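Protein chains: 2
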Amino acid sequence: MTMGLRETKKQQTRAALSETASALFRERGFDQVSVAEIARMAGVSVNTAFNYFPTKEDLFFDSQPLAENHLADVVVTAPSDTTPADALLADLLGALQRRDPALGLCKDAAAFWRTVAESPTLTARSREIAERAERALAHALAERSGRQTGDPETHLLAGALCGAYRAAVGQIRQRAITGEDPSRVLDELGPTIEYLFSHLRGLAQPLPPPS
Amino acid sequence: MTMGLRETKKQQTRAALSETASALFRERGFDQVSVAEIARMAGVSVNTAFNYFPTKEDLFFDSQPLAENHLADVVVTAPSDTTPADALLADLLGALQRRDPALGLCKDAAAFWRTVAESPTLTARSREIAERAERALAHALAERSGRQTGDPETHLLAGALCGAYRAAVGQIRQRAITGEDPSRVLDELGPTIEYLFSHLRGLAQPLPPPS
DNA sequence: ACCAAATTTGGGTTCAGTCTAAAATATGAC
DNA sequence: GTCATATTTTAGACTGAACCCAAATTTGGT
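Residue numbers (full-length UniProt numbering), protein chains in the order written: chain E, 1 to 211; chain F, 1 to 211.
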């Protein structure tokens with residue numbers, strides 16, 4: 001339980017790597033920093049770096065991990081008389097109002113997402129996460145409606161909801177990156193988002209006719 | 001006009017690269033073939049290969065290019081009394097019935113998409129294309145509704161429509177890959193797709209209240 | 001046949017990522 | 001404390017994608 005010296009050192013090494021990586025990426029961008037450089041500055045060999053972080057991207061997202069289960073959680077924890085669309089809408093508006101860092105609505109979060117946007121590799125990784133989030137959402141929707149996992153209907157529904165959600169987040173982040181005022185973003189996008197999701201509402205609850 | 005020897009040779013080289021790549025990829029998969037090998041078998045240097053195809057993925061998708069403007073085209077060319085959702089639905093069902101290769105609904109197309117699915121790199125690339133397709137769709141929607149490009153509403157709408165479309169195509173391709181009978185796929189997914197898009201219909205036409 | 005422009009090539013370099021075998025280090029038993 | 005064992009770290013070599021340059025080749029026009 002007390003975690004021996006071995007375990008402690010491992011955590012230190014890991015933290016050292018993650019932190020120096022984070023600092024370097026922040027000041028120079030993802031593609032302008034090599035893993036070798038990070039390892040050197042963390043006082044460790046390149047092999048050790050790859051031992052803790054299988055890819056360079058993992059080194060980046062360690063400090064600010066992308067929550068791939070967020071959408072599913074939102075839907076699962078929503079009260080049972082709420083449609084998935086409404087649950088996601090509420091989540092989005094809430095995040096907007098509380099200036100959630102995941103949306104880039106504060107100085108350093110904006111810098112984080114700018115770094116992501118500037119690197120094709122990181123953008124690709126975040127698309128991958130989004131895809132996993134969509135699958136998780138499909139799973140959650142299936143659970144909620146008592147359907148078996150893998151039911152095509154839940155996947156299509158998840159696709160539409162996730163597509164809308166991602167587009168909304170994308171618009172928000174884009175504005176956050178360009179340094180737009182958060183409350184202006186809220187005013188500008190809030191109604192549009194609300195409008196869109198209100199139309200998505202109808203598509204959630206009724207199961208398709210069993211024909 | 002007649003295309004001199006120079007141009008002819010270029011096309012030959014290009015074709016040789018594309019074809020040998022295609023053959024190698026088909027029989028061994030994307031990651032099990034190196035650009036060096038392709039170049040060698042095409043009787044050309046590695047540098048020349050990269051001269052014609054900036055990345056290895058381009059070498060793959062040259063034979064079966066992903067149409068990143070398809071969605072936009074569908075919406076643009078649809079009769080003006082049709083909603084975008086209906087246009088996309090019709091396109092999808094049409095492709096399903098005519099066993100469009102883009103859906104993997106024939107032997108070699110299924111193999112193509114299996115190869116894509118088995119390679120993280122190729123999957124990433126196809127996600128990238130999908131994103132561009134979504135942007136193009138947003139642009140087309142803006143055009144259609146006389147709005148200015150970049151209007152957030154069109155982006156959100158495109159996100160939802162594109163999300164649904166992609167999920168549908170994903171389901172179809174997955175079944176095609178596992179060798180399911182195309183007409184069974186149609187029976188199984190057709191109604192679900194129709195159901196989903198019919199609910200998306202309402203969200204297309206009415207512009208948001210000007211507040 | 002010759003010159004200029006375009007194409008191809010060889011060689012070199014960087015960087016991510018993998019592998020193996022050898023050093024360094026912690027742990028537990030005595 | 002010391003020794004055997006397990007774990008971590010390291011050096012070193014290697015592959016594959018991708019970029020760069022300068023030299024060699026080929027082609028088009030004359």
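By construction, the Cβ of each residue, glycine as well, lies at the ideal position given by its N, Cα and C atoms.
What you are looking at is a predicted structure, and each value in this text was computed from that prediction instead of being measured.
- Query: If you measure from the beta carbon of E/I193 to each beta carbon in chain F, is any gap under 8 Å?
  - Reply: Within the first sequence, numbered from 1, the residue matching residue 193 of chain E stands at position 193. Yes, because at least one Cβ of chain F sits closer than 8 Å to the Cβ of E/I193.
- Closer than 9 Å by beta-carbon distance: list the chain F residues that pair up with E/L200, in chain order. On the first sequence, residue 200 of chain E is found 200 positions in, with the first residue counted as 1. Think of a sphere of 9 Å around the beta carbon of E/L200: the chain F residues whose beta carbon falls inside it are A160, H199, L200 and L203, in chain order.
- Query: Could you give the C-beta distance for F/G104 and F/E134, rounded to a whole number, given that I count them as a contact under 8 Å?
  - Reply: If you number the second sequence from 1, residue 104 of chain F lands on position 104. If you number the second sequence from 1, residue 134 of chain F lands on position 134. Not confirmed; about 21 Å, so no contact.
- With hydrogens ignored, establish whether the beta-carbon of F/A111 is closer than 7 Å to any heavy atom of the ligand FMN. You won't find the ligand FMN in this model; it holds no ligand whatsoever.
- Query: Can you tell me the Cα-Cα spacing of F/P152 and F/R40, whole angstroms?
  - Reply: The residue given as residue 152 of chain F occupies position 152 in the second sequence. The residue given as residue 40 of chain F occupies position 40 in the second sequence. F/P152 and F/R40: Cα-Cα distance of roughly 49 Å.
- Query: Helix, strand or coil: how does DSSP classify E/G170 here?
  - Reply: Locating residue 170 of chain E in the first sequence gives position 170, counting from the first residue. E/G170 falls in the helix class under three-state DSSP.
- Task: Measure the alpha-carbon distance for F/R175 versus F/V185 and round it to whole angstroms.
- Result: Here residue 175 of chain F is taken as the residue at index 175 of the second sequence, counted from 1. Here residue 185 of chain F is taken as the residue at index 185 of the second sequence, counted from 1. Those two C-alpha atoms are separated by around 7 Å.
- Query: For F/Q32, which option in F/E118, F/D81 and F/L89 has the closest C-alpha, if you only look at C-alpha atoms?
  - Reply: Translated into the one-based positions of the second sequence, residue 32 of chain F becomes position 32. Measuring from the Cα of F/Q32, the nearest candidate turns out to be F/E118.
- If you draw a straight line from the alpha carbon of F/T192 to that of F/G170, how long is it in whole angstroms? To locate residue 192 of chain F, count along the second sequence from 1; it is residue 192. To locate residue 170 of chain F, count along the second sequence from 1; it is residue 170. Spanning the two alpha carbons is a distance of roughly 14 Å.
- Closer than 8 Å, Cβ to Cβ, to anything on chain F: give me those residues from the UniProt domain "HTH tetR-type" (11 to 71) of chain E, in chain order. So nothing in the stretch comes that close.
- Task: To the nearest angstrom, report how far apart E/T20 and E/A124 are at their CA atoms.
- Result: Working through the first sequence from its first residue, we reach residue 20 of chain E at position 20. Working through the first sequence from its first residue, we reach residue 124 of chain E at position 124. Note on geometry: alpha-carbon atoms of E/T20 and E/A124 lie some 23 Å from one another.
- Task: Confirm, please, whether the CB-CB distance from F/L157 to F/L88 is below 8 Å.
- Result: The residue given as residue 88 of chain F occupies position 88 in the second sequence. The residue given as residue 157 of chain F occupies position 157 in the second sequence. Between F/L88 and F/L157, the CB-CB gap reaches or exceeds 8 Å.
- In chain E, which residues lie less than 8 Å from F/Q171 when you measure between Cβ atoms? Here residue 171 of chain F refers to the residue found at position 171 when the second sequence is read from its first residue. What F/Q171 touches in chain E: P152, H155 and L156.
- Item | Which of helix, strand or coil DSSP assigns to E/T123 | What you label residue 123 of chain E is simply residue 123 of the first sequence in a count that begins at 1. Note: E/T123 maps to helix in three-state DSSP.
- Message: Along the stretch 122 to 144 of chain F, where does the CB come closer than 9 Å to a CB of chain E? Name the residues.
- Response: When CB distances to chain E are screened at a threshold of 9 Å, the residues of the stretch 122 to 144 of chain F falling below it are T123, A124, R125, R127, E128, A130, E131, E134 and A138, in chain order.
- Task: Spell out whether any CB of chain F is found under 8 Å from the CB atom of E/G190.
- Result: Taking the first residue of the first sequence as position 1, residue 190 of chain E is located at position 190. Under the Cβ distance rule, E/G190 does not count among the residues neighbouring chain F, no pair being separated by less than 8 Å.
- Query: Three-state secondary structure (DSSP) at F/S63?
  - Reply: Sequence index remark: in the second sequence, residue 63 of chain F carries index 63 (1-based). DSSP places F/S63 in coil when its eight states are reduced to three.
- Message: Please list, in chain order, the chain E residues whose beta carbon lies closer than 9 Å to that of F/R98.
- Response: Sequence index remark: in the second sequence, residue 98 of chain F carries index 98 (1-based). Within chain E, no residue has its CB atom less than 9 Å from the CB of F/R98, the nearest being about 20 Å off.
- Query: DSSP state of E/R147, grouped into three classes?
  - Reply: One-based indexing of the first sequence puts residue 147 of chain E at position 147. Here E/R147 sits in coil by DSSP.
- Query: Taking the Cβ atom as the reference point for each residue, do F/R127 and E/R127 lie within a distance shorter than 8 Å?
  - Reply: Your numbering for residue 127 of chain F matches position 127 in the second sequence. Your numbering for residue 127 of chain E matches position 127 in the first sequence. The answer is yes: Cβ separation under 8 Å.
- Message: If you measure between the beta carbons of F/P79 and F/L141, is that distance less than 8 Å?
- Response: Within the second sequence, the letter at position 79 stands for residue 79 of chain F. Within the second sequence, the letter at position 141 stands for residue 141 of chain F. With contacts defined by Cβ atoms closer than 8 Å, F/P79 and F/L141 do not form a contacting pair.
- Shorter than 8 Å from the beta carbon of F/P210 to some beta carbon of chain E? Locating residue 210 of chain F in the second sequence gives position 210, where the first residue counts as 1. Residue confidence for F/P210 is low, a pLDDT of 46 falling below 50, so the modelled location carries little weight and cannot support an answer.
- Give the straight-line distance between the Cα atoms of F/L161 and F/L59, rounded to the nearest whole angstrom. Sequence index remark: in the second sequence, residue 161 of chain F carries index 161 (1-based). Sequence index remark: in the second sequence, residue 59 of chain F carries index 59 (1-based). C-alpha of F/L161 to C-alpha of F/L59: approximately 30 Å in a straight line.
- Would you call E/K56 buried or exposed, if buried means 16 or more other Cβ atoms sit within 10 Å of its Cβ? To locate residue 56 of chain E, count along the first sequence from 1; it is residue 56. A buried status is given to E/K56, since no fewer than 16 other beta-carbon atoms sit within 10 Å of its beta-carbon.
- Message: Residues in the same chain with beta-carbon distance under 8 Å from E/A111, minus the five sequence neighbours each way, listed in chain order, please.
- Response: By one-based count along the first sequence, residue 111 of chain E stands at place 111. Around E/A111: R26.
- Any idea what DSSP makes of E/R98, helix, strand or coil? The residue labelled residue 98 of chain E in the question sits at position 98 within the first sequence. Under the three-state reduction of DSSP output, E/R98 falls in the coil class, being neither helix nor strand.
- Item | Local conformation of E/D31 per DSSP, three classes | Here the question's residue 31 of chain E lines up with position 31 in the first sequence. In the three-state scheme derived from DSSP, where H, G and I count as helix and E and B as strand, E/D31 is classed as coil.
- Query: Can you name, in chain order, every residue of its own chain whose Cβ lies under 7 Å from the Cβ of E/P208, other than the five neighbours on each side?
  - Reply: Along the first sequence, read from residue 1 onward, the residue named residue 208 of chain E stands at position 208. With a pLDDT of 48 at E/P208, under the threshold of 50, the modelled position of that residue is not reliable, and the figure given next carries that caveat. Excluding residues up to 5 positions away in sequence, E153 lie with their Cβ nearer than 7 Å to the Cβ of E/P208 in the same chain.
- Cβ of F/L186 less than 8 Å from any chain E Cβ? Locating residue 186 of chain F in the second sequence gives position 186, where the first residue counts as 1. For F/L186, the answer is no, since every Cβ of chain E falls outside 8 Å of its Cβ.
- Query: Where does the unbroken alpha helix (DSSP H) through F/A110 begin, and where does it stop?
  - Reply: Residue mapping note: residue 110 of chain F aligns to position 110 of the second sequence, counting from 1. Start and end: K107 to E118.
- Task: Taking F/A87 as the query, report the chain E residues whose CB atoms sit under 8 Å from its CB, ordered along the chain.
- Result: Taking the second sequence and counting its residues from 1, the one referred to as residue 87 of chain F is at position 87. Listed by position along chain E, the residues whose Cβ is nearer than 8 Å to that of F/A87 form an empty set, because the closest Cβ is around 16 Å away.
- With distances taken from CA atoms, which of F/T13, F/T48, F/Q12 and F/L24 is nearest F/T115? In the second sequence, the residue the question calls residue 115 of chain F occupies position 115. Residue F/L24 is the option with its Cα nearest to F/T115.
- Item | 8 Å contact criterion, which E/A72 and E/L137 should meet: CB distance rounded | Taking the first sequence and counting its residues from 1, one reaches residue 72 of chain E at position 72. Taking the first sequence and counting its residues from 1, one reaches residue 137 of chain E at position 137. Correct: roughly 5 Å between the Cβ atoms.
- Rounded C-alpha distance that separates F/V46 from F/W113: Numbered from its first residue, the second sequence carries residue 46 of chain F at position 46. Numbered from its first residue, the second sequence carries residue 113 of chain F at position 113. Within the model, the alpha-carbon separation for F/V46 versus F/W113 is close to 27 Å.
- Going by other Cβ atoms of all chains shown within 10 Å of its Cβ, with 16 needed for buried, is F/S198 buried or exposed? Start at 1 with the first residue of the second sequence, and residue 198 of chain F comes out as number 198. Counting the other CB atoms within 10 Å of its CB gives F/S198 a total below 16, which places it among the exposed residues.
- Item | Nonlocal neighbours in the same chain, by C-beta distance under 6 Å from E/N69, ignoring five residues either side | Taking the first residue of the first sequence as 1, we reach residue 69 of chain E at position 69. A136, listed in sequence order.
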